[in-house]
Each structure stands twice: as structure tokens, then as C-alpha cells.
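FYI, the numbering used here numbers position 122 of the sequence shown as 124, with every residue one higher than the one before it. Okay, so here's the structure we're looking at.
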Amino acid sequence: MGAQMSKIEDTIHDVYKKTWPQAWYLAPSFLASLGALGYVGYALSQNKPVPSSPNLSFLHLIGVAGGFGISFWMTTVHGRAVQRMLTRQDFATVQSNLSDVYFSSTAVLASLSLGTFLLRHPLKTWSKEATNL
């Protein structure tokens, strides 16, 4: 089973490397974040708060909780465990492969939570004291 999973992971990695060039601005995580912020910019230009809905609240929860969970896991659990178990070279290899996934997912989740917050709370609804900060 492990060998099959490794083959699947290698195939996915090869397809990703062939499909998406090495340019950072064409990475799916950057494009997803840019699309989310573009939609938020459009919604902010309307100057109307989006009414609360279960879907919007759930998306906001995914963004905040997912970002916190990934950060907590990578910092406290994964980092310490892998650092104790692997040699320095193996640890560097693992971290270099995981850093792309970590930062990409963090960027997408942060964009999602910021986008849903700004949709529900447009700038016009903020108080004068908050806008002067």
C-alpha cells in the first residue's frame, strides 16, 4: 500500500511540475488568493455589507480555524517531532518539500478569512476611530 501511495504522490508531483511552470505568479495558491482578493475588492466597491449566511460563516470558520490549525501543527507538533527523529540533512529535505505546501495553504486560508471578513464588514461600516488607526 505504501509503495502505491508513493507512486500516486510521485505522479501528482510530476503532473504539477509539468502543468505549472516555475513562475511563482502562476502557482495555484497565488492565483486563488488573487481571485479571492479581487472578489473582495469588487464587493467592497459596492459599499453594501453582504448579509450573513451559513455558507459565508462556514467559509470564514474554515479560513480562520484552518490557518490556526496548520500553524499550530507545523510549529509545535510536526517541527519538534521531525527535528528529533531525523538527521539534519533529512530534516532540511523534509522542510524544503513541506514549506511550499505550508505557505501556499496559509496564503489561501488567510485570503479566505480576510475576504469573508471584509464582505461582512465593509469599510464604510467601520467607525472613524478604527479607520484612523
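From the three backbone atoms N, C-alpha and C, an ideal C-beta is built for every residue, glycine too.
Only counting the same chain, and skipping five residues up and downstream in sequence, which positions put a Cβ closer than 8 Å to that of residue i?
{"i": "P51", "result": "L121, R122, H123, P124, T127"}
{"i": "S54", "result": "R122"}
Buried or exposed: residue i, going by 16 or more other Cβ atoms within 10 Å of its Cβ?
{"i": "T13", "result": "exposed"}
{"i": "G69", "result": "buried"}
{"i": "S113", "result": "buried"}
{"i": "A140", "result": "Given a span of 3 to 135 for the chain in the structure shown, any question on residue 140 remains unanswerable."}
{"i": "L15", "result": "Here the sequence assigns His to residue 15, which means Leu is not the residue at that position. Exposed, since its Cβ has fewer than 16 Cβ neighbours within 10 Å."}
{"i": "L111", "result": "buried"}
Apart from the five residues on each side of it in sequence, which residues of its chain come closer than 6 Å, Cβ to Cβ, to residue i?
{"i": "A109", "result": "S31, S35"}
{"i": "Y104", "result": "M76"}
Contact defined as beta carbons within less than 8 Å: I believe residue i pairs with residue j. What is the distance between those atoms, to the nearest angstrom?
{"i": "V42", "j": "G117", "result": "4 Å"}
{"i": "I64", "j": "S107", "result": "Between S107 and I64 the Cβ distance is about 11 Å, and since that is not below 8 Å, they are no contact."}
{"i": "V79", "j": "V96", "result": "Not quite, the Cβ-Cβ distance comes to about 14 Å (not below 8 Å), so this is no contact."}
{"i": "S101", "j": "H62", "result": "Not really, about 26 Å apart at Cβ, beyond 8 Å."}
Which same chain residues end up closer than 7 Å to residue i when comparing Cβ atoms and leaving out the 5 residues on each side of it in sequence?
{"i": "L39", "result": "S113, G117"}
Report task. Quick one: which unbroken alpha helix (DSSP H) runs of 4-plus residues sit fully inside the stretch 65–89? Chain order, please. Result -> 81–87
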